[in-house]
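Residue numbers (the numbering used here): 1247 to 1530.
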């Protein structure tokens, strides 16, 4: 598994509209991200399955002064996704179209079990939602971004994408696949002005984490403000040099990442890759 080279030519990042499409924006981390962007002056497109929740968040964002377009859609339905993205593009047209895509929507298994004891159909539901959804949304958004000379895609990832777990097999598989998608987008479209980042939010107190037995005794949580700070830093272009790589809220800050960017690039760190025994490893 090879990552995009840190020496790959960098296309100058264009002026990207201060607009954002956020998936899974009706609750949890998606809601927090949407409201943080609204406070920072972004026009928003909010997409999720449940319109009622989206409308509640949209009202909160409008109260902060943000123009908002709402589009309810099942994100594994290609036709529904294409229609939702078209509606958001139209709603944000006067603000320049979609400048930032936040692929936040995701699910986890219903039970905390090792794979052999789990329901493989539920495992697949998680993989399909967490991988097909971002693929479909990004595929629908990319043409507009590329036509405008670039854009930013933020994939909400997890340490599960690179660290083996004793349960939640589908979730781990899906986040590993999402990390590879991030590197693919960077390699294929970096020279066209696209910037893409994996952001792990840590463990934020949400309905999803509350339902996970593994977190039953947790007393320390990642602050939504820490997540929002990295989102806003990426949206502003402060982390563009780390395109194709992985950051974690609660551990990283925009300042610390900028401070260590040289070392990250020099060692090709923070990206999905195959560890080798050395330069003479024939698997390289």
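For glycine and all other residues, C-beta sits at the position ideal for the given N, C-alpha and C. Source: prediction; values computed, not measured.
Cβ separation of residue i and residue j, assumed to be a contact under 8 Å, to the nearest whole Å
i, j, result
"residue 1279", "residue 1350", "6 Å"
"residue 1225", "residue 1409", "Limits of the chain in this structure are 1247 at one end and 1530 at the other, which puts residue 1225 out of reach."
"residue 1470", "residue 1402", "Contact flag wrong, Cβ pair sits at about 13 Å."
"residue 1376", "residue 1342", "Not really, about 29 Å apart at Cβ, beyond 8 Å."
"residue 1495", "residue 1476", "5 Å"
"residue 1436", "residue 1425", "Contact doesn't hold; Cβ gap of about 16 Å is too wide."
Same chain only: Cβ atoms within 6 Å of residue i, ignoring 5 sequence neighbours per side
i, result
"residue 1378", "1322"
"residue 1500", "1479, 1484"
"residue 1419", "1373"
"residue 1423", "1377"
"residue 1310", "1284, 1285"
"residue 1405", "1446"
"residue 1417", "1354, 1372, 1406"
Cα-Cα separation between residue i and residue j, rounded to whole angstroms
i, j, result
"residue 1267", "residue 1523", "42 Å"
"residue 1355", "residue 1415", "8 Å"
"residue 1528", "residue 1472", "41 Å"
"residue 1509", "residue 1517", "13 Å"
"residue 1526", "residue 1265", "47 Å"
"residue 1303", "residue 1348", "16 Å"
"residue 1269", "residue 1335", "14 Å"
"residue 1296", "residue 1346", "22 Å"
"residue 1428", "residue 1444", "7 Å"
"residue 1530", "residue 1513", "16 Å"
"residue 1498", "residue 1400", "16 Å"
"residue 1362", "residue 1275", "31 Å"
"residue 1339", "residue 1394", "12 Å"
"residue 1438", "residue 1431", "10 Å"
"residue 1521", "residue 1337", "45 Å"
"residue 1493", "residue 1502", "11 Å"
"residue 1482", "residue 1368", "37 Å"
"residue 1396", "residue 1421", "25 Å"
"residue 1488", "residue 1344", "21 Å"
Proximal residues to residue i (C-beta, below 8 Å), its chain only, five neighbours per side dropped
i, result
"residue 1412", "1360"
"residue 1515", "1491, 1509"
Close beta carbons around residue i, own chain, < 7 Å, minus the five adjacent residues each side
i, result
"residue 1300", "1271, 1272, 1292, 1294, 1316, 1318"
"residue 1474", "1278, 1279, 1282"
"residue 1504", "1484"
"residue 1286", "1478"
"residue 1312", "1284, 1288, 1289, 1290"
"residue 1307", "1280, 1281, 1284, 1290, 1314"
"residue 1380", "1349, 1401, 1424, 1427"
"residue 1364", "1355, 1357, 1415"
Counting beta carbon pairs with one atom in the region 1322-1332 and one in the region 1365-1385, are three or more of them shorter than 8 Å? yes
For the region 1367-1377 and the region 1308-1318, state whether three or more C-beta atom pairs, one from each stretch, are separated by less than 8 Å. no
Decide yes or no for the touch test of the region 1328-1335 against the region 1386-1406: beta carbon pairs closer than 8 Å, at least 3 of them. yes
Enumerated in chain order, which unbroken segments of the alpha helix (DSSP H) with a length of 4 residues or greater are wholly contained in the region 1354-1383? 1366-1373
Which runs of the beta strand (DSSP E) fall wholly inside the region 1305-1341 and span at least 3 residues, in chain order? 1314-1318
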